[in-house]
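Chains as they are written, first to last, in our numbering: chain L, 1 to 146; chain H, 1001 to 1146. Built from N, CA and C at the ideal position, the CB exists for glycine as well. Only a predicted model underlies this, so the values are computations on that prediction, with no experimental measurement involved. To start, the structure itself, in structure tokens.
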DNA sequence: ATAAATAATATCGCGCGCGATATATTGTTA
DNA sequence: TAACAATATATCGCGCGCGATATTATTTAT
């Protein structure tokens, strides 16, 4: 019985579980939008700045391009983004929002903050707790990112 | 530009990213053990209490049985667990460690705490920060678990 | 005791993540 | 400028997670 190997002492298990459960909490709203959580992340990146190469999106999300490329292909099939080859650098694929993808921002804004805050009503954490949590998570992310 | 839809304001994106990156940090040690992170979670559950039905393992990890069943099937092929039908309840599949699975605890103990603390050396978080983080994550997990 | 409801596990399909590898384009260097 | 290295993206294979559904065994109700 090594304390270091007990499930109840694992930070990583809690991160893994919390991430899964919170992502699941997004599902009802995202289903209404017709997308998944990783697709929603891509949309947030593009809502902030449209027309970005695959690499920039991947770097922003700290994902590999071999994860992002198929994600973008599925989003293209859904008609929410389009891809075109870069003009000065023909290796790049520039990813842009379609009208449908751009219009989804309004609907997301009307669904997601309200939907999440409703579900978070019973969570005992206060604003300052979330702020500290964000800083702690950023410390961990910065420690492990390449 | 809705602040609520900006990537930098998302707790969930940080949970998702931190979970991925910390799980990746386990990979070198787990590769040496020949297992994945979810398989390591199952082993921790069984090291604590051997011979459990699929449901108990799934509940402990807050996973669905349709995730755990194939995970256990792969672990059985690896020779680290065995499954047998319950005697009083023949619907159950009781999962037990093999000798190989039990012996992996020693090796895990020699590899993982040291390997992780080495990688965490550059992380600015202190013991009390981790303790608070654990409590905050537990609040979130308890809010969203069924 | 038999039918219906419930429970435990398994199967299927799909979307990630990611290591490994391939392809095409650009940059660099001899 | 020809060879080589580096870069951007894509493809492939596999292991999750999970919604939906199926199968088998147990429990409950009639």
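Query	Result
Would a C-beta distance cut-off of 9 Å place residue 112 of chain L and residue 46 of chain L closer than the cut-off?	no
Please go through the same chain and pick out, in chain order, the residues whose beta-carbon is closer than 8 Å to the beta-carbon of residue 7 of chain L, but skip the five residues on each side of it.	13
For the alpha helix (DSSP H) containing residue 117 of chain L, list its first residue and its last residue.	99 to 119
Three or more beta-carbon pairs under 8 Å between the region 18 to 35 of chain L and the region 101 to 115 of chain L, yes or no?	yes
For the candidate residues H:1062, H:1120, H:1058, H:1063, whose alpha-carbon lies nearest to that of residue 1093 of chain H?	H:1058
For the alpha helix (DSSP H) that residue 59 of chain L lies in, which residues bound it at each end?	54 to 61
Tell me, to the nearest whole angstrom, how far the beta carbon of residue 134 of chain L is from that of residue 1011 of chain H; I am working on the premise that it is less than 8 Å.	6 Å
Can you list, in chain order, the residues of its chain whose CB lies under 7 Å from that of residue 63 of chain L, leaving out five sequence neighbours each side?	none
Anything in chain H within Cβ reach of residue 145 of chain L, meaning under 9 Å, just list it in chain order.	1017, 1021
Any beta carbon from chain L within less than 9 Å of residue 1122 of chain H's own beta carbon?	yes
Apart from the five residues just before and just after residue 86 of chain L, which ones in its own chain have a Cβ nearer than 8 Å to its Cβ?	53, 92, 93, 94
Here's the rule I'm using: 16 or more other beta-carbon atoms within 10 Å means buried, otherwise exposed. How should residue 1099 of chain H be labelled?	exposed
With a threshold of 9 Å between beta-carbons, can residue 1051 of chain H be considered close to chain L, or not?	no
Closer than 8 Å between beta carbons: that is the criterion. Which residues of the region 1097 to 1123 of chain H meet it against chain L?	1105, 1108, 1109, 1112, 1113, 1119, 1120, 1122, 1123
Since residue 64 of chain L meets chain H, which of its residues come closer than 7 Å, beta carbon to beta carbon?	Near residue 64 of chain L there are no residues of chain H at all, since even the closest Cβ is about 10 Å away, more than 7 Å.
In three-state DSSP terms, what is residue 81 of chain L?	strand
For residue 24 of chain L, go through chain H and note every residue whose CB falls closer than 8 Å to its CB, in chain order.	1144
Determine the direct distance from the alpha carbon of residue 23 of chain L to that of residue 125 of chain L, and round the result to whole angstroms.	18 Å
List the DSSP bridge partners of residue 1096 of chain H.	H:1082
For residue 1064 of chain H, does the three-state DSSP call read helix, strand or coil?	coil
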